[in-house]
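Read left to right, the sequence shown gives residues 83 to 394 (our numbering).
Notes for the one structure printed next.
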Amino acid sequence: MAELLVTRTSLPLQRSLTRRERLDLPRRITMLSAGLVVFIVGMLLVFIGVRGLTLFVASGVPITDILSATWAPNPDNPPNTFGLLPFILGTVGITVLAALIAAPLSIGLAVFMSEVAPAWARNIIRPAMEVFVGIPSVVYGFLGASVLVPFLQHDLRGLGFTFGKSWFAGSLVLSLMILPTITSIAYDALITVPGDLRMGSLALGTTRWQTIRHILLPAARAGILTAIILGMMRAAGEALAVQMVIGNRVGIPFDPTKPIAAMTAQITIDMGNTTFNQPWNQALWTMGLILLLMSFGFVTIARRIGRRATRS
Numbered sequence: 083m084a085e086l087l088v089t090r091t092s093l094p095l096q097r098s099l100t101r102r103e104r105l106d107l108p109r110r111i112t113m114l115s116a117g118l119v120v121f122i123v124g125m126l127l128v129f130i131g132v133r134g135l136t137l138f139v140a141s142g143v144p145i146t147d148i149l150s151a152t153w154a155p156n157p158d159n160p161p162n163t164f165g166l167l168p169f170i171l172g173t174v175g176i177t178v179l180a181a182l183i184a185a186p187l188s189i190g191l192a193v194f195m196s197e198v199a200p201a202w203a204r205n206i207i208r209p210a211m212e213v214f215v216g217i218p219s220v221v222y223g224f225l226g227a228s229v230l231v232p233f234l235q236h237d238l239r240g241l242g243f244t245f246g247k248s249w250f251a252g253s254l255v256l257s258l259m260i261l262p263t264i265t266s267i268a269y270d271a272l273i274t275v276p277g278d279l280r281m282g283s284l285a286l287g288t289t290r291w292q293t294i295r296h297i298l299l300p301a302a303r304a305g306i307l308t309a310i311i312l313g314m315m316r317a318a319g320e321a322l323a324v325q326m327v328i329g330n331r332v333g334i335p336f337d338p339t340k341p342i343a344a345m346t347a348q349i350t351i352d353m354g355n356t357t358f359n360q361p362w363n364q365a366l367w368t369m370g371l372i373l374l375l376m377s378f379g380f381v382t383i384a385r386r387i388g389r390r391a392t393r394s
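Now the structure itself:
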């Protein structure tokens, strides 16, 4: 009896793993894919960073020169002037104005979808938002150039829209492009607010608008701010639609009714006219590096907002 007990207790409690299970092929493929993505992104960042700094390292252009307002690349008659300040301010100005136009509309639409709209209306609006996201940017730019720009030039000429193509036109087109992005993320933030907050507020005798204003919007504030920042990030990286409606006139932007220039538009315009590894081409890579740093800034702000919301 003791020998039988010893024999039974010496048997393994779990079967041994097969060779395929020890290899764990799905896990290894997943890890390899994740590592490959990280490697590709890292190589892209290194390449853009190196190319963006070549203007200063190889060509000897002082970093302070890019903060000037003069953009005069002339490969046949150096020295050249690569002042990027008009493009930087133009990109920031177009992005901020687009966010100011799109944010109230997007937040209002998100509140309507989550708190007011019946189910049938919500089932129509959400697919419509997805259709807006799928429209190519060139279509937005073509509509802006063929409809918006002539309207501004002929009907609002008295307000200063002499050419039609302007800072305001670019921001208005971008606001339409980022509206679905902000709306979708803000809607997700609103529907994740616990229902007990709604019921408790209404039980105290508040109206629906008071509940939305004083309870739901503050509770979803972090998600709404993240939606606006991500929308601005998309607006800052848009090129073709902006190029078709802003006029591409180099200068410090002061008046929304006048043409301006942006980094993305200038890159698409000049890239085919430059020679690789020449100062003019290197200046365009520097614009790309600045856009990359702007994207990093937007992502960092969004992540910090999300962490604060999680802590609170």
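Where a beta carbon is used, it is the ideal one built from N, C-alpha and C, also for glycine.
Quick caveat: nothing in here was measured; it's all calculated off a predicted structure.
- Message: When you compare the stretch 304-321 with the stretch 267-275, are there three or more beta-carbon pairs, one atom per stretch, that lie closer than 8 Å?
- Response: yes
TODO: Would you mind stating whether I349 and L371 have Cβ atoms separated by less than 7 Å?
DONE: no
Inset, instruction - Mark E320 as exposed unless 16 or more other C-beta atoms lie within 10 angstroms of its C-beta, in which case mark it buried. - result: buried
Return the CA-CA distance between F224 and P186, expressed in angstroms with no decimal places. 25 Å
- Within 10 angstroms of its Cβ, does T382 collect 16 or more other Cβ (buried), or is it exposed? exposed
Check: Using DSSP with H/G/I as helix, E/B as strand and the rest coil, what is T274?
Finding: coil
- Message: Between which residues of its own chain and Q292 is the CB-CB distance below 8 Å, once the five residues before and five after are set aside?
- Response: S283
inquiry  = Tell me which residue opens and which closes the alpha helix (DSSP H) that G124 is part of.
reply    = 107-139
>> My assumption, with CB atoms under 8 Å, is that S248 sits in contact with I328. Please give the rounded CB distance.
In response: 7 Å
(message) Does the structure place the stretch 341-361 close enough to the stretch 166-183 that three or more beta carbon pairs sit under 8 Å?
(response) yes
In this structure, does DSSP put I328 in helix, strand or coil? coil
(Q) At the level of alpha carbons, what is the spacing between S188 and L261? (A) 6 Å
(message) Runs of 4 residues minimum, wholly inside the stretch 243-307: which ones carry the alpha helix (DSSP H) assignment?
(response) 249-273, 277-285, 290-293
Would T89 be called buried (16 or more neighbouring beta carbons within 10 Å of its own) or exposed? Bear in mind that a pLDDT of 49 at T89, under 50, signals an unreliable position, so the model cannot answer this.
- Task: Look up T163 in the DSSP assignment and give the residues it is bridged to.
- Result: A154
I342 bridges to which residues according to DSSP? G329
Practice task
Would you give the residue range spanned by the alpha helix (DSSP H) that E212 belongs to?
Solution key: 201-216
* Simplified DSSP state of T382, which is helix, strand or coil -> helix
Closest Cα partner of A140 within the set L322, Q325, P361: P361
message = If you follow the alpha helix (DSSP H) that D237 is in, where does it begin and where does it stop?
response = 231-237
Notebook entry, point to check: Can you list, in chain order, the residues of its chain whose CB lies under 8 Å from that of P168, leaving out five sequence neighbours each side?
Noted result: A151, W153, V332, G333, I334, P335, I342, A343
Could you spell out where the alpha helix (DSSP H) holding S219 opens and where it closes? 219-225
> Looking only at its own chain, which residues have a Cβ that is under 8 Å from the Cβ of V324, when we skip the five neighbours before and after it?
Replying inline: I176, G223, G252, V255, L256, A344, T346, A347
- Under the three-state DSSP convention, the category F336 falls into: coil
Taking the alpha carbon of A181 as the reference point, which residue from N359, A318, T136, R385 has its own alpha carbon closest?
A318
Proximity winner among N355, T289, M281, F129, relative to A374 (alpha-carbon distances) = This sequence places Leu at residue 374; Ala is not what is there. When only C-alpha atoms are compared, the closest one is F129.
Smallest Cα separation from A384: which of L166, E212, I264? I264
Between F378, R389, I122, N359, which has its C-alpha nearest T399's C-alpha?
With the chain covering 83 to 394 only, the question about residue 399 has no answer from this structure.
_I believe G313 touches A184 by the beta-carbon criterion, under 8 Å. Please report the beta-carbon distance rounded to the nearest angstrom._
6 Å
query = By the 10 Å Cβ neighbour count, where 16 or more other Cβ atoms means buried, how is V213 classified, buried or exposed?
reply = exposed
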